[in-house]
Each structure stands twice: as C-alpha cells, then as structure tokens.
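There are 2 protein chains.
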Amino acid sequence: MSGPVIAVDWGTSSFRAYRLDAQGGIAERRESAGGILRVRGGDFAAALQAEVGDWLAAAPDALVVMSGMIGSRQGWREVPYVACPAEPEEIAAGLERVDWGEGEAWIVPGLLDESRPGQPDVMRGEETQVLGALAALPNGGGLVCLPGTHSKWVRVESGVLQSFATYMTGEVFDLLQGHSILSRLMTKGAVAVDRWFLEGVAVGQGGGLLNRLFSARSRALTGNLPEDAVRSYLSGLLIGDELASAVPAAPTEVHLLGAPTLAALYEAALAKLGHSVVRLDADAVAVGLHGLAGHLDAAGRAP
Amino acid sequence: MSGPVIAVDWGTSSFRAYRLDAQGGIAERRESAGGILRVRGGDFAAALQAEVGDWLAAAPDALVVMSGMIGSRQGWREVPYVACPAEPEEIAAGLERVDWGEGEAWIVPGLLDESRPGQPDVMRGEETQVLGALAALPNGGGLVCLPGTHSKWVRVESGVLQSFATYMTGEVFDLLQGHSILSRLMTKGAVAVDRWFLEGVAVGQGGGLLNRLFSARSRALTGNLPEDAVRSYLSGLLIGDELASAVPAAPTEVHLLGAPTLAALYEAALAKLGHSVVRLDADAVAVGLHGLAGHLDAAGRAP
C-alpha cells in the first residue's frame, strides 16, 4: 500500500468518512446526515468536497474509495452488482472510477444474490463491511448479521460471500411505532432490553407476524402489557420473527456487525434463543475499503 | 319483533346505518366518514342525531342498536367484552343501554378470545356481522374471514363463535404503500388481481415476511417486477402471508364477508391456494343487529 486512503461509506441518509494512514489505521473520522438523498442537484463532487475537502487538500494523492448507495441509480454513478458467491477479488474487479477532476475516486459495486428463484436480493455497502470483518471470522467463515433499517444476513465461507438475505425489520418497526394504531398505545421512550422485549422475541417465534403484531394492541387493551412496554415488546416481536427465519433452529454462532445500541438488542434476542454471539468491529467498513484500495494499487489502479 | 330498528355499525373511521322495517328488511341505508374519532368532544348523542335524526323523528319508538368501536374506551360507552366461545344469547346479554334522552339506544359488546396463552385477541363489530351471517353457514358453522384494515378470522361451530384471530394486513399494506422505501417504486393505481398479485400470494406462503417484503424492491431493481406491478405484488405477498397462517393447508371452505373489492382479492388468493370460497352478504351486520334487537324485545328490553 503506497499512500493515504480516504474511505467513505455513503448511504441513503448518512455519510461516514475515515482518513486512513498508509497502514490502514484510522487517523480521523467524520459523520454527517449528508446521505445521497440530501445531495442537491446530484452534485456529488461538491458534496464530497464539502465533507472532506480539507483532507483532500492536505493529501492530494489520496485514493478515495466509496461504498454504499453512492453506487446506486440515485447515486453518483450506478455500478453494476457483482453476483454471489463473490470473492474479495471479484468485488475489487467491479470497482468503477468517477471522474471529478480532483484526484482519484472509486465506487465499490453492490452484491446480487440470485440463488433463490423469484427472490433475488441486493445490497450496497454491507459487502464492504463484511470484507473488512473477514479476518475476524474463524477460517474466514460464518453467519454475519448487520442489523439496521434493512438488516442483512450474510453467509461467508473461506473468505467468500456466498449468499445473503435482507429483512425490512427496522423500517417496519419505524412505520408501526410512528404511524400505526399501535403508536397511540405507546408512551415515549426507547426500546429496552427487558422482560417485555424478550417476551416479544418468544412470541415472534411462532410465525404469522401480521397476527402477532396485533397482540401488542390486544395485550395492552386487556392489561397483559403495560403501556410503557409496548415499544419494547413490538421491537422484540419483529426481531423474533426475523431471527426465526434468518437463523437455523440449532444453536448457531452469529457474528454481529453494527451500531452498539441496535447490536445489543440482537445480541439479547439471539442469546434468549440459545445462539452465541460474537461482536465484530463496527468500523469494519474502513478496513474493507482499505483492502479494496490495496487491490487497486496492486492492479496499478485499474480495477 | 314489535317495531322499527335503526341498526348502526359505528367504527373508528366510518359510520354505517340501516333503517330496518319490523321484519328486518332494509328500508334505507346511509354511510359516512363520521367514525368515532371524528366525533367532536365525545358528543356521540349529537353525532347520532346529525346522522339519523330524521329517521328518529319519523319513528320515535325505534330501537337503536349499535355495534363496533362505539362500544370501546374511545366510544360512547365502554361495554365489557364477552368471552369466547360465545353464543348469540351471551352476546345479547352483554348489550348495554346508553342514556341520551332520545328514545332507546343500545351498544353491542365486543368479543375476547383468550384461548391462546399470551396472545389474547379482541374484536368490536365483526361479531355482529358474523351473527348476521349464521343462517348462511352450513349447520351454523365454518371458517369466516372478514378482510379489512384488521382482518378477522372467526371459527364458528353450531352457531357459537368459538375463537378468532386478527391480522393487521390492511394496515401494514397501507403503511408500506404510503410511507416505506417501496412507495417510491410504485406507480399510481389500485391493486389488480393479476399474475403479479398471485405471484405475491405464492411467495408469501414461504414465511419470513420481513425478508419477502424486500423482494418487492429487489425484484423491481433487477427487472423481475414491472414498476406498475409492485403494488399488486405487495398486496399478494401480505395476503399470502396472512392465509398461510389463518387457513389450514388442506383444502378448506372459507366464508368471506366484506366489501366486494377487498373480498375479490381474498377470493382470488384463496382459490390460488386450492381453497373454496362462499361469499356472505356484506350487509350481514344489519341482520345481526336486527337479531339482537329481537333478543332485547324478547327480554322486555332488558339485556
């Protein structure tokens, strides 16, 4: 690796950047709400300058590598998906360069999984986080969970991203707590990892989610659920339904990669169901982007 | 039955009334958006006057019988639930009178099903629709589906409402089509009973709803679902998930009670899965309310 790297995780609603030294160490980090939907008139070059222009000025030869929705149709440049199973080299080979007259910037491709007939799945950004966590997986393999608005479950074997599945758990939770008949029952507050959350996880195991959701209301109406517990119970229900589908029934080791608050919910739910959890570095995306920059350098900065 | 009855189905967001003759025939009907949430300052007496004051003036001795959320905590008077299994006589015995100085008005109790531990279920209004449909059920029994914002599935045996389950299918569909990442993919239009709807029903059979929902997006992104079909596919997915849980796998006769447009979706989905469908009269609530009025009269207008 020859020079400094600016690693950017540019999603729909957030912008995260790391200034990395030549060894990949995080020299500085930065985060904003400047996701791609906030970029005016599609001027991503100006947006990137506004976010990290000082870093670029200080290191004009820095290699900028970006992952996430910045590579989608709504982003700077639509970079075609790489099909699963995908090796790190295949993902690196899919990198595409953007011309912006300000040094060198590349965008990471997303992944496409077409292994289930009629149910293709896609991701943009999480593949780079998993790449950054490969070294922490035993023999480069395991089941990786990235909780979020759209949770991703990635099956990795010998360093190859084999397959994955997306769950809209976070988004459905936000809709239900914000706009549904259940909202009216809820007191203010955050989700707690308490007996009501775990009760929701247990009830969520039974399938028939559209029915079980209503139990948040009927239990509250009949005095079987305190009003200040509805939010945690609902969160448990949804995560429980996700886990019933995403994790095998037999005790399984799950590698969790995500922000601490959300990861804590998944860890508690997985433990309740008898699974074991290993937490991965939440900054894995910086490691993944640095590794991809290394591939670029090794290839003479061609993908 | 001695006199005229005004039958009122008063829900959260709608008001439906029938002026019935002494034999229970529908002489006139009326419908408005004046659900209980629209009633200012909780003045339900004034609201009822505004809706059917002319009927009352023409027949001051009419018996007003009301079902639905009007009997909830947010309604005119909270009428305690009757527990399942519930016979028509038990429901009639739970009727409560409201005093409003304008003749006689009664509210029907809701039903409570506590047969599944930790998953109590409640309804207000649908029990009266089922009562009105009992005569149409073979030997007074069968599986009755009332599709809606919150679909209800009621198991009836020998004229007794044995048990039931609620599915939040309609509400979740509205949230997803109105406020989710899927909304952006959708073109305008209504749900159609077409191959995409039926494809959604099939995919919805597989469980893991939070994952399958995302297929509406990933299929559209990968060209496996036309944009103008996302809405129908999503509707099929949700109804498919509901049916996978609500109906036994073996071919089953389902009695459908609901508005024609929504009932048509359920009928197509049930047929696709090999079940048979019998449509019940969508005005069954008027029959049910007339029957309860008969119980009141037989009991000397005591419940």
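Sequence order for the protein chains is A and B.
Position one of the first sequence corresponds to residue 0 (numbering that gives the first Met the number 0), numbered consecutively onward.
Position one of the second sequence corresponds to residue 0 (numbering that gives the first Met the number 0), numbered consecutively onward.
We put the CB at the ideal spot given by N, CA and C, even for glycine.
For the beta strand (DSSP E) that contains ILE5/B, what are its first and last residues? 4–9
For a contact defined as C-beta to C-beta under 7 Å, what are the partners of THR168/B on chain A? LEU209
Given GLN161/B as reference, the closest of ASP53/B, GLU126/B and GLU103/B once Cα atoms are compared: GLU126/B
Helix, strand or coil at ILE106/A according to DSSP, with G and I counted as helix: strand
Measure from the C-beta of ASP120/B to each C-beta in chain A and report whether the shortest distance is under 8 Å. yes
Kindly identify the DSSP beta-bridge partner or partners of TRP152/B. CYS144/B and ALA164/B
Using a Cβ-Cβ distance under 8 Å, would PHE213/A count as near chain B? Output row for PHE213/A: interface = yes.
Taking only beta carbons into account, state which residues of the stretch 224–241 of chain B come closer than 9 Å to chain A, listed in chain order. The residues in question are LEU237, ASP240 and GLU241.
Give the C-beta separation of LEU181/A and LEU175/A to the nearest angstrom, bearing in mind that I take them to be a contact with Cβ-Cβ under 8 Å. 5 Å
Report the start-end ranges of each beta strand (DSSP E) in the stretch 21–96 of chain A that is 3 residues or longer and not cut off at the edges. Within the stretch 21–96 of chain A, the complete beta strand (DSSP E) runs of at least 3 residues are 25–31 and 62–66.
What did DSSP end up calling ASP173/B once you bin it into helix, strand or coil? Residue state, collapsed to three classes: helix.
Euclidean distance between Cα positions of VAL171/A and ALA263/B: 27 Å
Indicate the three-state DSSP secondary structure (helix, strand or coil) for GLU241/A in the structure shown. helix
Length of the line joining the Cα atoms of GLN304/A and ARG300/A: The structure shown does not extend to residue 304/A, since chain A is modelled only from 0 to 302, so the question has no answer here.
Just to confirm, are ALA268/B and LEU242/B a CB contact at a threshold of 8 Å? Yes, the pair counts as a contact, with Cβ atoms nearer than the cut-off.
Name the chain A residues that come within less than 9 Å of ARG194/B, Cβ to Cβ? Here the premise fails: no neighbours, minimum Cβ distance about 12 Å.
Determine the DSSP secondary structure at ASP112/A, reduced to helix, strand or coil. strand
Can the beta-carbon of ASN223/A be found closer than 8 Å to that of ALA164/B? no
Inter-stretch contact at 8 Å, needing at least 3 Cβ pairs: the stretch 193–203 of chain A / the stretch 224–238 of chain B: no
Take every Cβ of the stretch 80–95 of chain B, pair it with every Cβ of the stretch 50–58 of chain B, and state whether three or more of those distances are shorter than 8 Å. no
Is it buried or exposed for ASP120/A, if we count other Cβ within 10 angstroms and need 16 for buried? The residue is buried, with at least 16 neighbouring Cβ atoms inside 10 Å.
Per DSSP, GLU252/B forms a beta bridge with which residues? SER275/B
Specify, as a first and last residue, the run of the beta strand (DSSP E) that ASP120/B falls within. Residue range 120–122 is occupied by the beta strand (DSSP E) that includes ASP120/B.
Excluding the 5 residues preceding and the 5 following SER150/A in the sequence, name in chain order all residues of the same chain whose CB lies nearer than 6 Å to its CB. TYR166 and THR168
Can you give me, in chain order, the residues of the stretch 241–261 of chain B that have a beta carbon less than 7 Å from any beta carbon in chain A? GLU241 and SER244
Backbone CA spacing between LEU295/A and ALA215/B [nearest angstrom]: 35 Å
For ARG300/A, does the three-state DSSP call read helix, strand or coil? coil
Tell me the residue span of the beta strand (DSSP E) that contains LEU181/A. Looking at the DSSP string, LEU181/A is not in any beta strand (DSSP E), and its letter there is neither H nor E.
Shorter than 8 Å from the beta carbon of ALA164/A to some beta carbon of chain B? Yes, contact with chain B.
Do you know how far the Cα of ASP193/B is from the Cα of ALA270/B? Cα to Cα, the separation comes out at about 13 Å.
Can you check which of these residues, VAL64/A, LEU208/A, ASP60/A and PRO108/A, is closest to SER71/A by C-alpha distance? PRO108/A
Could you name the residues of chain B that ARG15/A contacts, counting a contact when the two beta carbons are closer than 9 Å? Under the 9 Å cutoff, chain B gives no residues; its nearest Cβ is about 20 Å from ARG15/A.
Over what stretch of residues does the beta strand (DSSP E) that includes ALA16/A continue unbroken? 14–19
Grab the span of the alpha helix (DSSP H) containing LEU130/B for me, first residue to last. Element bounds for LEU130/B: 125–132.
Answer with buried or exposed for ALA248/A, where buried requires no fewer than 16 other C-beta atoms within 10 angstroms of its C-beta. Within a 10 Å sphere around the beta-carbon of ALA248/A sit fewer than 16 other beta-carbons, which makes this residue exposed.
With ASN138/B as the anchor, note down where its alpha helix (DSSP H) starts and where it stops. Looking at the DSSP string, ASN138/B is not in any alpha helix (DSSP H), and its letter there is neither H nor E.
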